[in-house]
Amino acid sequence: MSTLLEADSEKLLAAVRGLLARKGIASHAEISERIAITDQANPGQGARMVAKAWIDPAYRTLMLSDGAKAAEAIGIPMRGMPPLGVLENTPELHNLVVCTLCSCYPRAVLGYPPFWYKSAAYRARAVRDPRGMLAEEWQTVIPAEIKLRVVDSTADYRWMVLPQRPAGTDGWGETQLAAIVREGDMIGVTIPRA
Amino acid sequence: MSFAPGTQVRVKDDWPEAHRPVHIRTPYYVRGQAGTVLRHLGDFPNPEDLAFARPAERRPLYHVLFSQDAVWHEDHPGDELLVEIFEHWLEPA
Amino acid sequence: MDKEALRSHHDLGGIPKYMCEPVDTEPHGLTDFDKEVDALRQILGAKQVMSVDELRRGIEAIPEAEYHRLSYYRRWIRSITDNLLTKGVITEAELRAALEGA
């Protein structure tokens, strides 16, 4: 391995960017454009899917059978993105997503993965002591009678959680419902509350 | 070979990373473990070859369910682990 | 058999060393550096210069102490550069000159 790789990261980036621009592989304008596109993805998109699934049974069925189609159906761009699987929480089952090998995350519908998702502590603890970790770090207590299923995102799919609709939201519209769905609810570290 | 939903399988107890540079997507903690196929997720190019820019054959990918207790022996009865595993890492249990 | 002794250092599920480490749940926004590296990776993937699998392999090749010392996107730029050199997209001489000029 080249010792040049041990150079300061900012310098490496500047050097590589310069070389790739000169070679016509990636221009500065292309990088700026890509950043602008990537910045558009955010947890609000996933939240809209969740809210729609809570209200519209046909959409819920679509979402559970093909997450990417469900995302596209409400205008979220999925072209070139990995397949999206949706894990449904029920009164008997709670899902928690982790990637122990790297940081696979449903970026198309939630945006950049949060810092904690990429941390060694989360990656290690989520598969082995999920109940302890959720209680300690997020004050999320999963009752003993509910089965906890940890989904290790190891390959080509990306996974998001469809949480249960909280009590006290009867008669709420889609926008109001979407506003209470947070990033962590769609990974399984937290649970939406009215 | 292909595994129908509900098939009992075992993850191969292989450790290629201990012998040579590899890129594998089967976490260490499920190696040698028995699990149940939940479903076939589709066929995808083998990442073990893609990682080295080699021609990559499409391989069946399964969602395989394991018991937390069997993997960690830490008394979480009923809790589960669900992992995407390529067919070449699985054998009938 | 001691599975933990045979695993690769990036294969972190259930590793005792991290089981008592707190999870930093505070939001940390991405820096310009982070976003540029992320965008560059996407472009190299879209143009089939290097795949996400090659990115991961390059990250896994970073020695363990460095892997844990480097931030997330610092691992990425290191792997990207490693891949570009290995694949002959850029040469060591070009990179050295560019680093000296940087």
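Protein chains in written order, with our numbering: chain C, 1 to 194; chain U, 1001 to 1093; chain S, 2001 to 2102.
For glycine and all other residues, C-beta sits at the position ideal for the given N, C-alpha and C.
CB contact flag (residue 108/C, residue 135/C, <8 Å): Counting from one through the first sequence, the residue named residue 108/C turns up at place 108. Counting from one through the first sequence, the residue named residue 135/C turns up at place 135. The answer is no: Cβ separation not under 8 Å.
When you compare the CB positions of residue 2/C and residue 2092/S, do they come within less than 8 Å of one another, or not? Here residue 2/C refers to the residue found at position 2 of the first sequence. Here residue 2092/S refers to the residue found at position 92 of the third sequence. Cβ atoms of residue 2/C and residue 2092/S: closer than 8 Å.
Which word fits residue 57/C, buried or exposed, when buried means at least 16 other C-beta atoms lie within 10 angstroms of its C-beta? The residue given as residue 57/C occupies position 57 in the first sequence. A residue is called buried when at least 16 other Cβ atoms come within 10 angstroms of its Cβ; residue 57/C does not meet this threshold and is exposed.
Contact with chain U by residue 66/C, beta-carbon distance below 8 Å: By 1-based counting over the first sequence, the position of residue 66/C is 66. Closer than 8 Å: no.
State the Cα-Cα distance for the pair residue 121/C and residue 2005/S, rounded to the nearest angstrom. Mapped onto the first sequence, residue 121/C falls at position 121. Mapped onto the third sequence, residue 2005/S falls at position 5. The straight-line gap from Cα to Cα measures roughly 19 Å.
Going by alpha carbons, who is nearest to residue 75/C out of 44/C, 114/C, 102/C, 150/C? Here residue 75/C corresponds to residue number 75 of the first sequence, with the count starting at 1. It is 44/C whose Cα lies nearest to the Cα of residue 75/C.
Taking the straight line between their C-alpha atoms, what separation do you get for residue 2040/S and residue 2074/S? Counting from one through the third sequence, the residue named residue 2040/S turns up at place 40. Counting from one through the third sequence, the residue named residue 2074/S turns up at place 74. Between residue 2040/S and residue 2074/S, the C-alpha separation is close to 13 Å.
Which residues of the segment 1046–1064 of chain U have a Cβ closer than 8 Å to any Cβ of chain S? Give them in chain order. For the segment 1046–1064 of chain U, residues whose beta-carbon sits nearer than 8 Å to a beta-carbon of chain S comprise 1047, 1050, 1051, 1052, 1053.
If you measure from the beta carbon of residue 2079/S to each beta carbon in chain U, is any gap under 8 Å? On the third sequence, position 79 is the one that residue 2079/S refers to. For residue 2079/S, the answer is no, since every Cβ of chain U falls outside 8 Å of its Cβ.
Just verifying my parser: in three-state terms, what is the DSSP assignment at residue 1036/U? The count along the second sequence starts at 1 and reaches residue 1036/U at position 36. Three-state DSSP puts residue 1036/U in a strand.
Of all the CB atoms in chain U, is at least one closer than 8 Å to the CB of residue 155/C? Stepping through the first sequence from its first residue, residue 155/C is reached at position 155. True, the Cβ-Cβ gap to chain U drops below 8 Å.
DSSP on residue 172/C, reduced to helix/strand/coil? Working through the first sequence from its first residue, we reach residue 172/C at position 172. Coil at residue 172/C, not helix or strand.
Listing by chain order, which chain S residues have their CB less than 7 Å from the CB of residue 1088/U? Locating residue 1088/U in the second sequence gives position 88, where the first residue counts as 1. What residue 1088/U touches in chain S: nothing, since even the nearest Cβ is about 16 Å away.
Report the neighbours of residue 1031/U on chain S: residues whose CB is nearer than 7 Å to its CB, in chain order. Position 31 of the second sequence, counting from 1, holds the residue named residue 1031/U. Going along chain S in sequence order, the residues near residue 1031/U (Cβ under 7 Å) are 2003.
Residue from 85/C, 29/C, 16/C with nearest C-alpha to residue 1039/U: Mapped onto the second sequence, residue 1039/U falls at position 39. For residue 1039/U, the nearest C-alpha among the options comes from 85/C.
Residue 1062/U - partner residues in DSSP beta bridges: Translated into the one-based positions of the second sequence, residue 1062/U becomes position 62. Looking at the DSSP assignment, residue 1062/U forms a beta bridge with 1040/U, 1085/U.
Residue of 2052/S, 2087/S, 2019/S, 2089/S minimising C-alpha distance to residue 2076/S: If you number the third sequence from 1, residue 2076/S lands on position 76. Looking at 2052/S, 2087/S, 2019/S, 2089/S, the one whose alpha-carbon comes closest to that of residue 2076/S is 2052/S.
Applying the 10 Å Cβ sphere with the 16-neighbour rule, what's the burial state of residue 1019/U? Within the second sequence, numbered from 1, the residue matching residue 1019/U stands at position 19. Classification for residue 1019/U: exposed.
Residue 2081/S versus residue 1053/U - alpha carbon distance: Your numbering for residue 2081/S matches position 81 in the third sequence. Your numbering for residue 1053/U matches position 53 in the second sequence. Cα-Cα distance, rounded: 16 Å.
Quick check: is the beta carbon of residue 1083/U nearer than 8 Å to any beta carbon in chain C? Position 83 of the second sequence, counted from the first residue, corresponds to residue 1083/U. Answer yes: the Cβ-Cβ gap between residue 1083/U and chain C drops below 8 Å somewhere.
Here's a check: name, in chain order, each residue in its chain whose Cβ is nearer than 7 Å to the Cβ of residue 2009/S, leaving out the five neighbours to either side. Mapped onto the third sequence, residue 2009/S falls at position 9. Excluding sequence neighbours, residue 2009/S sits near 2064, 2067.
Closer than 9 Å, Cβ to any Cβ of chain S: which residues of the segment 133–145 of chain C, in chain order? 133, 136, 137, 138
Would you say residue 2014/S reaches chain C, if we count a Cβ-Cβ gap shorter than 8 Å as a contact? As a working note, residue 2014/S is residue 14 in the third sequence. By this cut-off, residue 2014/S is an interface position.
Residue 118/C - containing alpha helix (DSSP H), residue span: Sequence index remark: in the first sequence, residue 118/C carries index 118 (1-based). Counting along the chain, the alpha helix (DSSP H) containing residue 118/C begins and ends at 115–118.
Would you report the Cα separation of residue 2038/S and residue 2015/S, rounded to the nearest angstrom? Taking the third sequence and counting its residues from 1, one reaches residue 2038/S at position 38. Taking the third sequence and counting its residues from 1, one reaches residue 2015/S at position 15. Taking the CA atoms as reference points, residue 2038/S sits about 28 Å from residue 2015/S.
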